[in-house]
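In what follows, a single structure is set out as structure tokens and then discussed.
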């Protein structure tokens, strides 16, 4: 096979690829992220590009691609590089702009200001112990290893020490280099401890750890000083796996169906994390080798892909993950750019669609505490995972809300990036729109918080009915019938950075109703399982990046969240990352995380009719049963 | 540096080496073993060669080398290959002939006939378990790993399972390939188990293990069928480390002082074992990958070198080994040519000079059994290790006998190889000698059993006095004064395969007295420590290759072994290898071996005067105190 160059405009990035490579993959290799929620299937129509030089070859007959071709446009995923170099322009609407990564809600210019222990005592998963061993002599002629482990038993609560042959090999010299004074790097879990390094003398080595929240969309890393128990710095970026699909399902399909798919997608998250690590280390002038432990938290699919575990059966009924508890591994085995011997821990999951990120959030919100009031933790993302409980009982489900609130399946839906409409008002008289966009750029689409606003306002102004149907008879030119049926114009073309109007269609609205209905039905199902009502809930913790921008009254108005007093709601931020920090800094927190993962009862919503009945009732605004929303007018 | 060829005669073996390489090393690379008890220091004078073509360069001024040069001979260790190819003849007296390796005393033409379990139940360190797991469904949606470990808990006594990420990665497919029927390869130690492999279906994989006795001189391997609990085949060879010195001290010096010494000498024992493995596997048509577990037993220095642990401090006062208990490692880490994931166990040691081979022997002789009578286990090799005890109390020491009985330090001493005098009689009237050699070849030296015979007969015929002094006034031309003082001719040159007479000198006799004296003093010291007398001993177990050829009455006659009834002596063979087999085939035996290693009390003979006093009294034949040897006439 020959190799050809592809140049991408407007940046001019140039990459050499094998002929036969599709343009979406080529862009990925050039580190240019193009929107591709369907993962390159030719179905979502988001990866539109314009070929300037060179022809390429159309992959197959796609109705969508054919239609676009009439306008001189192509889908990047459908065009294969052939026997000539190409120049390809990526319109702004197709480019994935630098994602706004919310590291945490409590971030100031100086970084994270909160204490990352959240009440736990500092007792990190890895620590340095300085020992002075009794010197060997003819009367005390215990072997070196025994001399070391006996001293460690005194200093720790551990009884079971493991130490690798590679450390033992030179232990004799190390013990004697400074007259039996040594510094031991130890990782303790319960009564077991692993000796990670032994050095001569009472040296003081810098000792850092990384807590990583592996989100499907964004990845956030916290660099922690393990001895001081504080956050040194944080960084976030988009998950490079995005080019294999927006949601976990497309990623699993890629991993399972493509040749070397698992290897490629596994490497992609490793690369993402390595880039974050390098950024942080360079910025803080810290050596790779000083990072001795990593704690990750992510959903179950992300954990599988991160560890290179085949995720195939997560997706197939009965939805079984290969593992919910993952062994600690060495950084070297995964190719993470920290100390080769660093221990890498992965937060345990509960089930295929309730992962370590949710366990981490449950730890952070202290819901497992025996004295905790009844609370609901909810993370509205692709799946809408939630945990309901108090102390000893905790139930969880994942309501398959779908990625509508992340912009997927919505004509002008997009993630929270520059140019996304995030707030929106509709004049009840004129039906005119006022809005704000992220970073005040010209509008190019509408993100989750904007969509919820939009839905609430469309309903409040009577533009849609309770079933979400557009009232096309209303006197405004914004209401019209487009190619895909009735639609409402949100922004006229001249005010956008696009070549068209930004609209929301009736089909979009139906998708949003399904998403919000699934979340509410999930909440109702969990309550039903344990025999409680909505008003039993004392706290609702809203977690995740999306939650930060969420307008709670609007979310209640559309029936996404329960109609309980607003003061019972609390936005808790990136609890996945925060719980990962806690577990890294506190052995007790890590023990509790593992305890929680075993204790939380998973409710499979596809068993029985309970959820489906609730779902159908939730497809109205706010709900079929208005008594559930006493404070929502209309 | 340039490369040159060295051809060794009489075999014609040719090897290319860097110029600057000494001929001893070159021969080693060509797989030709030359005698070199001093490890190539130029001091023992055993590695004599004759250079036929090429000059080489003398390494340094060695008195010995200079003297040999007058006869046109060189020491291989002192000649460096220079800028020309060389042809070098190795005289028979310098070549290490194929060592007689005693695999075991109970070996027939069909191999080992004994049951290798010696009373323990078959319960090997690694076994296959066939499981049918409950199939996953929406009601039973435990993760795959949990499903597997819960089933294993039912089948075993283990509660703590470890399983590597590499196995987990594909567990989902493996479980489902044959509808949740799997075959698990498991290694159980106490309540801990390691999942070594998981395969689909109820397959029956061949399952073999290797028990390896790593002796300083010889290495013996047993190939075991772990499912049937029987010995399939055995093989023995010399330890290739011999070219770095005969005894553990020279090997430690080589490992510590030479550049890459530890790496080289470690690789050398790995190569030795790999050669045995290959021989056995080819002979039995068994695949490398079917060997899943290895158990080794050897002295402490051998264990360190086998695992690549720096042995430096074994040799330096206060004689501390780096470890007495060694972690199990994967075969791959050591480069052993079996299944990469095979677990490699090493027998625990007691102290620097009481190793796993002695622990193994203690297990085999059942001396730790609560009902065992007082017994003495003795292994007369370089060090003369012994264990005295009964049930709960066991004491051990190593008496630094030195390698005299292995032929080292004795003018014509040699190991038990072809041409070695092994039995010897002296006519009391004529002082004429009759003898037998191993394999009836022409005599080239005298091995340990021959030396003991010789000493006993020299004393019985009055040729030496009780202090070992040659009675030069006796009327025989065999008594004469040689270069090194008085000597006695054992074989005239015409009856040898050498260019000289075979003699024993007074200095040789003194060396033998020191060796036998050290052993007896060790026995007396142990008895003294626990307050028992010689006649309290119910059994004396004589272990090791040397023991097999030992003439017990002669050994008593010279005062090497206690004067107790001959029926209390039992030759127990290669207990190091036998104990290794037991531990491999029985978890209980392995647990007991570890228990013994912790329980046996080590007595350091260099502390206090007890041993030295006993030693001085033991330098006579049979002893200063004749009441200790009531049955030895004279």
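Chains as they are written, first to last, in the working numbering: chain A, 66 to 699; chain B, 66 to 699.
Just so you know, even glycine gets a beta-carbon here, dropped at the ideal spot from N, CA and C.
All of these numbers come straight from a predicted model, not from anything done at the bench.
Simplified DSSP assignment, three categories, for residue i
i, result
"residue 76(A)", "coil"
"residue 422(A)", "helix"
"residue 408(B)", "strand"
"residue 337(B)", "helix"
"residue 277(B)", "strand"
"residue 567(A)", "strand"
"residue 283(A)", "strand"
"residue 614(B)", "helix"
"residue 597(B)", "coil"
"residue 100(A)", "coil"
"residue 257(B)", "strand"
"residue 694(A)", "coil"
"residue 560(B)", "helix"
"residue 149(B)", "coil"
"residue 154(A)", "strand"
"residue 604(B)", "strand"
Where the beta strand (DSSP E) containing residue i begins and where it ends
i, result
"residue 462(B)", "458-463"
"residue 488(A)", "485-491"
"residue 618(A)", "That residue, residue 618(A), is in no beta strand (DSSP E); its alpha helix (DSSP H) goes 617-622."
"residue 415(A)", "Looking at the DSSP string, residue 415(A) is not in any beta strand (DSSP E), and its letter there is neither H nor E."
"residue 295(A)", "295-303"
"residue 226(A)", "225-228"
"residue 365(A)", "Not the beta strand (DSSP E): residue 365(A) falls in the alpha helix (DSSP H), residues 365-372."
Within-7 Å CB hit, residue i to chain A
i, result
"residue 236(B)", "yes"
"residue 230(B)", "yes"
"residue 208(B)", "yes"
Residue i, enclosing alpha helix (DSSP H) - first and last residue
i, result
"residue 209(A)", "209-220"
"residue 553(A)", "No alpha helix (DSSP H) contains residue 553(A), which is instead part of the beta strand (DSSP E) from 550-556."
"residue 678(B)", "675-682"
"residue 315(A)", "313-322"
Closer than 8 Å at the beta carbon, the chain A residues around residue i
i, result
"residue 671(B)", "203"
"residue 593(B)", "Under the 8 Å cutoff, chain A gives no residues; its nearest Cβ is about 18 Å from residue 593(B)."
C-beta neighbour in chain B for residue i, strict 7 Å
i, result
"residue 419(A)", "no"
"residue 213(A)", "no"
"residue 175(A)", "At residue 175(A) the pLDDT is 46, less than 50, meaning the model places this residue with poor confidence; the figure from the coordinates comes in the next sentence. By this cut-off, residue 175(A) is not an interface position."
"residue 413(A)", "no"
"residue 233(A)", "yes"
"residue 373(A)", "yes"
Contacts of residue i in chain B (Cβ-Cβ under 9 Å)
i, result
"residue 390(A)", "208, 210, 211"
Neighbour list for residue i in chain B, Cβ cutoff strictly below 8 Å
i, result
"residue 398(A)", "230"
"residue 377(A)", "237, 238"
Listed by chain order, chain A residues near residue i by CB distance under 7 Å
i, result
"residue 394(B)", "230"
"residue 385(B)", "201, 206, 208, 209"
"residue 320(B)", "Within 7 Å Cβ-Cβ: nothing; residue 320(B) doesn't reach chain A, min ~12 Å."
Within chain B, the residues that residue i reaches when beta carbons sit closer than 7 Å
i, result
"residue 362(A)", "None at all; the shortest Cβ gap to chain B is about 17 Å."
"residue 416(A)", "206"
Self-check item: Segment contact, 8 Å Cβ cut-off, at least three pairs: the stretch 111-124 of chain A with the stretch 153-161 of chain A
Solution: yes
Quiz item: Quick check: the stretch 606-625 of chain B against the stretch 514-525 of chain B, are there 3 or more CB pairs under 8 Å?
Solution: yes
Self-check item: Segment contact, 8 Å Cβ cut-off, at least three pairs: the stretch 439-446 of chain A with the stretch 379-390 of chain A
Solution: Short answer: they don't touch.
Quiz prompt | Segment contact, 8 Å Cβ cut-off, at least three pairs: the stretch 180-196 of chain B with the stretch 638-655 of chain B | solution = yes
Quiz item: Given 8 Å as the limit, is there contact between the stretch 290-308 of chain B and the stretch 234-244 of chain B, that is, 3 or more CB pairs closer than that?
Solution: no
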